[in-house]
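Okay, structure first, notes after.
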Amino acid sequence: MGVRLTDAVSPYLRAHAGNPVDWFPWGDAAFAEARRRDVPVLISIGYATCHWCHVMARESFSDALTAHELNELFVAIKVDREEHPDVDASYLAAASAFTRELGWPLTVFATPGGRAFYAGTYFPPLPQRGMPSFRQVIAAVAEAWRERRGQLEETASAVASALAEASLAPTAGPLPGDAELRSAVAALVADEDRVHGGFGRAPKFPIAPVLGFLAQRRGEGRALARRTLLAMAGSPLRDAVDGGFFRYATRVDWSEPHYERMLTDNALLLGVASELARGASGGDEVLAVGRGIADYLVETLQLPGGGFAAAQDSESMVDGVRTEGGYATADAERRRTLEPPPLDEKVLTGWNGLAIGALARASAPLDAPDLLGAARRAADFVLAGHLESGGVVRRTSRDGIVSSARAALEDVGMLADGLLDLAVASGAAQDAVIARTLIDASLDAARDAARGPGDAGVGATEPDAAPHVFAVPGGADPVLAERGLALPTDPAEGAVPSGITACASAAWKLWLLGAGERYRAAAERAMRQLAGAALERPIAFGAALELMTRFAAPVVQLVVVAPERDGAGRPRGGDELVGAAWRTETSITVIVTAAEAAAFADAGFELFAGRRLLEGRAAAYRCREFVCALPVADAPSLAALAR
285 MGVRLTDAVS PYLRAHAGNP VDWFPWGDAA FAEARRRDVP VLISIGYATC
335 HWCHVMARES FSDALTAHEL NELFVAIKVD REEHPDVDAS YLAAASAFTR
385 ELGWPLTVFA TPGGRAFYAG TYFPPLPQRG MPSFRQVIAA VAEAWRERRG
435 QLEETASAVA SALAEASLAP TAGPLPGDAE LRSAVAALVA DEDRVHGGFG
485 RAPKFPIAPV LGFLAQRRGE GRALARRTLL AMAGSPLRDA VDGGFFRYAT
535 RVDWSEPHYE RMLTDNALLL GVASELARGA SGGDEVLAVG RGIADYLVET
585 LQLPGGGFAA AQDSESMVDG VRTEGGYATA DAERRRTLEP PPLDEKVLTG
635 WNGLAIGALA RASAPLDAPD LLGAARRAAD FVLAGHLESG GVVRRTSRDG
685 IVSSARAALE DVGMLADGLL DLAVASGAAQ DAVIARTLID ASLDAARDAA
735 RGPGDAGVGA TEPDAAPHVF AVPGGADPVL AERGLALPTD PAEGAVPSGI
785 TACASAAWKL WLLGAGERYR AAAERAMRQL AGAALERPIA FGAALELMTR
835 FAAPVVQLVV VAPERDGAGR PRGGDELVGA AWRTETSITV IVTAAEAAAF
885 ADAGFELFAG RRLLEGRAAA YRCREFVCAL PVADAPSLAA LAR
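For what it's worth, the numbering used here labels the leading residue of the sequence shown as 285, then goes sequentially.
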């Protein structure tokens with residue numbers, strides 16, 4: 285019956301194509317049909333590796349009687365939250381008015397205009413533990429629509445209005461200094477589980493953005509990041525065979541994980557391990573964790589075309605029985621006889637940007653040029669298939685077919701940020717040029733949105749006048765926007781950096797490379813808008829606090845010009861100087877050949893102007909906010925400059 289999903293890009297939607305439910309994909313057609321029939325809409329949101337989504341699909345959406353009732357009483361829409369993150373965010377926010385138990389599958393009942401009037405998550409096929417069955421829920425909602433429609437529409441309007449007002453609540457404040465950032469670290473230390481590691485109680489998540497912030501802080505913060513990473517690595521949250529981390533654990537001691545594995549978690553945790561490995565306190569344990577994560581990314585999640593799959597499922601077939609975790613809990617020898625859990629093979633632009641950046645940054649501290657090659661392959665795939673002219677990106681593709689889903693702000697920011705990390709690690713100026721184009725397009729889109737219709741001739745918006753610094757070229761999801769349901773980008777960062785922070789991070793790196801003062805101003809303005817909320821709730825703003833930590837530190841830029849690169853892409857010549865450069869604490873370190881430096885300079889990155897070899901030898905240029913010392917050609921001289 286769900287034939288409309290047969291050709292979907294999303295594996296999650298395709299998996300429901302055989303349901304007896306008459307599913308519509310997200311789009312205007314579903315709401316037009318609801319208006320024609322004058323019935324409410326059921327919006328079911330999940331993702332391909334969601335265990336309880338699988339369960340509800342088997343129990344309810346595959347049941348002929350349940351499907352018949354849904355088809356008679358509602359128009360049913362199936363949404364992949366990873367393909368349409370803005371849709372998910374809008375309805376997740378609406379669902380918070382009806383339940384405190386938020387998660388997926390998300391089950392939302394809405395008017396034909398798309399406004400939610402009731403929501404929940406998983407509903408069982410039979411009543412249990414005080415929870416009604418799904419059929420009881422749909423019967424009650426249908427009855428309420430017939431008998432109390434006006435009341436439901438009032439509720440829907442009130443929820444929509446409350447969300448619109450809440451989205452405008454100010455959270456701005458001055459950029460924090462070292463004292464405020466130390467207080468944020470202290471709050472996280474106070475929340476640490478001193479027995480098992482991590483933060484809070486069950487269920488427990490890696491919260492990788494917070495670890496990224498802590499890893500940037502010297503002393504107590506860095507020690508906490510290292511302690512937490514190693515505690516998780518030694519627990520059931522990490523696959524002991526292939527090194528990847530599972531999404532979360534249901535118990536406080538990290539046991540009984542939900543066994544899906546996300547590209548996002550593993551990319552970000554690789555970044556944490558790489559940062560910790562750069563310091564003297566890193567040690568072999570951290571290096572081993574980082575290498576294990578990198579191997580999982582490249583050997584399991586990287587697809588033949590070069591892009592990275594979004595996730596690996598928690599369920600697989602073991603001895604003819606579909607089971608969650610059966611493969612993940614098997615040892616290496618047993619796994620050779622088993623089919624691994626399937627991948628969600630959609631390639632998400634932003635998430636691939638995270639992986640590209642993490643692998644590029646890890647290549648030096650792990651001494652692993654193969655990781656740089658993996659990052660290059662992923663970047664080439666995404667740039668070839670997902671990038672359009674003028675800095676416009678597409679959200680996702682599968683098997684080379686690009687989805688019509690609009691990009692989210694995270695796609696712009698994460699891809700730009702990852703490309704800049706790749707440019708810095710590989711010396712490829714063109715990646716930095718593309719990243720600059722992406723951020724320019726986002727800045728221009730925000731400026732145009734602030735001007736409003738008919739203001740094309742008005743000058744640039746004043747620095748702090750417009751509500752948003754970065755925006756998606758092309759605007760928000762059109763179906764949400766048409767119905768007044770589009771919300772501003774959520775700045776919170778539980779599992780991944782927000783699109784706002786990702787764009788600001790890329791803008792900051794562009795400034796460090798010498799692209800111009802406008803990028804520094806944009807990055808700082810974006811973070812000022814988040815500073816108040818970030819300091820109040822550091823557990824929810826890890827990536828923003830990490831970037832604010834970079835702002836608060838002295839700006840030190842280091843460019844090393846090496847004679848050449850070897851066949852694996854490593855800088856060659858002046859090895860002692862290059863090694864010392866990687867160990868030096870800086871805002872940004874770039875090691876390039878003379879030709880690569882010239883390419884950066886020609887592309888408008890002024891940090892590289894005049895950077896050349898010293899009489900044919902490697903040379904290091906150490907700068908403080910673009911004021912550079914004379915070049916040096918040996919490690920002791922470089923160390924002396926840092927004193």
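Yeah, the Cβ is synthetic: ideal placement off N, Cα and C, and Gly gets one too.
On a predicted model such as this, the values are computed, not experimentally measured, just so you know.
Checklist entry - Is Glu599 helix, strand or coil when you go by DSSP? => result Of the three classes helix, strand and coil, the one that applies to Glu599 here is strand, per DSSP.
Checklist entry - Can at least three beta-carbon pairs, one atom from the region 614-621 and one from the region 588-599, be found at a separation below 8 Å? => result Segment contact: the region 614-621 against the region 588-599, fewer than three CB-CB distances shorter than 8 Å; contact not assigned.
Item to check | Under the three-state DSSP convention, the category Pro493 falls into | outcome: In the displayed model, Pro493 falls within a helix according to three-state DSSP.
Item to check | DSSP state of Lys793 mapped onto helix, strand, coil | outcome: Helix at Lys793.
Checklist entry - Which of helix, strand or coil does DSSP assign to Tyr296? => result In the three-state DSSP reduction, Tyr296 falls in the helix class (H, G or I).
Next on the checklist: So, does the region 424-437 touch the region 393-413, judging by three or more C-beta pairs under 8 Å?
Outcome noted: Note that the region 424-437 touches the region 393-413; at least 3 beta-carbon pairs, one per stretch, sit closer than 8 Å.
Checklist entry - What is the DSSP secondary structure of Phe529, reduced to helix, strand or coil? => result Phe529 falls in the strand class under three-state DSSP.
Next on the checklist: Less than 8 Å between the C-beta atoms of Pro775 and Ala734, yes or no?
Outcome noted: Pro775 places its beta carbon 8 Å or farther from that of Ala734.
Checklist entry - How many Å lie between Leu554 and Asp475 at the Cα? => result Near 23 Å, if we compare the C-alpha coordinates of Asp475 and Leu554.
Checklist entry - Is the Cβ-Cβ distance between Arg895 and Ser871 less than 8 Å? => result Going by C-beta atoms, Arg895 is not nearer than 8 Å to Ser871.
Next on the checklist: Looking at the strands, I want to know which residues DSSP matches up with Leu553.
Outcome noted: In the DSSP secondary-structure assignment, Leu553 is not bridged to any residue.
Checklist entry - Which residues in the same chain as Gly758 place their Cβ atom closer than 8 Å to its Cβ, once the five residues preceding and following it in sequence are excluded? => result So the list reads Val676, Arg690, Ala691, Ala729, once near-sequence residues are dropped.
Checklist entry - Is any beta-carbon of chain C found at less than 8 Å from that of Gly555? => result Considering every chain present, this structure includes no chain C. It has just one protein chain.
Checklist entry - Should Asp886 be labelled buried (16 or more other beta-carbon atoms within 10 Å of its own) or exposed? => result Asp886 should be labelled exposed.
Checklist entry - Taking the continuous alpha helix (DSSP H) assigned at Glu464, which residues delimit it? => result For Glu464, the enclosing alpha helix (DSSP H) has its first and last residue at 462-474.
Next on the checklist: By alpha-carbon positions, which one of Gly398, Pro781, Asp918, His542 ends up nearest to Pro822?
Outcome noted: Distance check between Pro822 and each of Gly398, Pro781, Asp918, His542 places Pro781 closest, using alpha-carbon atoms only.
Checklist entry - What span of residues does the beta strand (DSSP E) with Tyr905 cover, start to end? => result For Tyr905, the enclosing beta strand (DSSP E) begins and ends at 903-908.
Next on the checklist: If you reduce the DSSP assignment to three classes, tell me which class Pro847 lands in.
Outcome noted: In the structure shown, Pro847 sits in coil (DSSP, three-state: anything other than H, G, I, E or B).
Item to check | 3-residue-minimum beta strand (DSSP E) runs that sit fully inside the region 409-437, ordered along the chain | outcome: Runs of the beta strand (DSSP E) inside the region 409-437: none found.
Checklist entry - Between Leu706 and Ala652, which are expected to be in contact by the criterion C-beta below 8 Å, what is the C-beta distance as a whole number of angstroms? => result Contact doesn't hold; Cβ gap of about 14 Å is too wide.
Next on the checklist: Spatial neighbours of Trp310 within its chain, please: C-beta separation below 7 Å, excluding the five flanking residues on both sides.
Outcome noted: These residues qualify, in order along the chain: Ile361, Val363, His368, Val371, Val763.
Checklist entry - In angstroms, rounded to a whole number, what distance separates the CA positions of Leu922 and Glu629? => result Distance between the alpha carbons of Leu922 and Glu629 is about 46 Å.
Checklist entry - Would you call the region 524-541 and the region 799-813 touching, i.e. three or more CB-CB distances under 8 Å? => result With the cut-off at 8 Å, the region 524-541 and the region 799-813 do not touch.
Checklist entry - Is the CB-CB distance between Leu925 and Arg906 below 8 Å? => result For Leu925 and Arg906, yes; Cβs fall inside 8 Å.
Checklist entry - Quick one: is Thr773 buried, meaning 16 or more other Cβ sit within 10 Å of its Cβ, or exposed? => result Thr773 is buried by the Cβ-count criterion.
Item to check | Which listed residue (Ala440, Leu898, Leu410, Ile577) has its alpha carbon closest to that of Pro396 | outcome: Nearest C-alpha to Pro396: Ala440.
Checklist entry - With respect to the alpha helix (DSSP H) encompassing Ala640, which residues constitute its N-terminal and C-terminal limits? => result Residue 640 is actually Ile in this sequence, not Ala. Taken as a continuous stretch (DSSP letters only), the alpha helix (DSSP H) holding Ile640 covers 633-646.
Item to check | Contacts around Val287, its chain only, beta-carbon distance under 8 Å, and the 5 residues preceding and following it disregarded | outcome: Cβ-Cβ distances below 8 Å link Val287 to Ala301 in the same chain, with the five nearest sequence neighbours on each side left out; the list follows chain order.
Checklist entry - Could you give the C-beta distance for Asn550 and Leu581, rounded to a whole number, given that I count them as a contact under 8 Å? => result Under the criterion of beta carbons closer than 8 Å, Asn550 and Leu581 qualify as touching, at roughly 6 Å.
Checklist entry - Does DSSP put Glu890 in a helix, a strand or coil? => result DSSP places Glu890 in helix when its eight states are reduced to three.
Next on the checklist: Mapping the DSSP letters down to three states, classify Ala394 as helix, strand or coil.
Outcome noted: In the structure shown, Ala394 sits in a strand (DSSP, three-state: E or B).
Checklist entry - Roughly how many whole angstroms lie between the Cα atoms of Leu390 and Tyr406? => result Going by the C-alpha atoms only, they are around 7 Å apart.
Next on the checklist: Within 10 Å of its beta-carbon, does Gln714 have 16 or more other beta-carbons around it, so buried, or fewer, so exposed?
Outcome noted: By the Cβ-count criterion, Gln714 is exposed, with fewer than 16 other Cβ atoms from all chains shown falling within 10 Å of its own Cβ.
Item to check | Pairwise C-alpha distance: Val843 and Thr873 | outcome: Whole-angstrom Cα-Cα distance: 6 Å.
Checklist entry - Looking only at its own chain, which residues have a Cβ that is under 7 Å from the Cβ of Glu848, when we skip the five neighbours before and after it? => result Setting aside the 5 residues that flank it on each side, Glu848 is surrounded in the same chain by Arg856, Gly857, Thr877, each with a C-beta closer than 7 Å to its C-beta; the list follows chain order.
Checklist entry - Got a sec, what are the start and stop residues for the alpha helix (DSSP H) Phe401 sits in? => result No alpha helix (DSSP H) contains Phe401, which is instead part of the beta strand (DSSP E) from 400-404.
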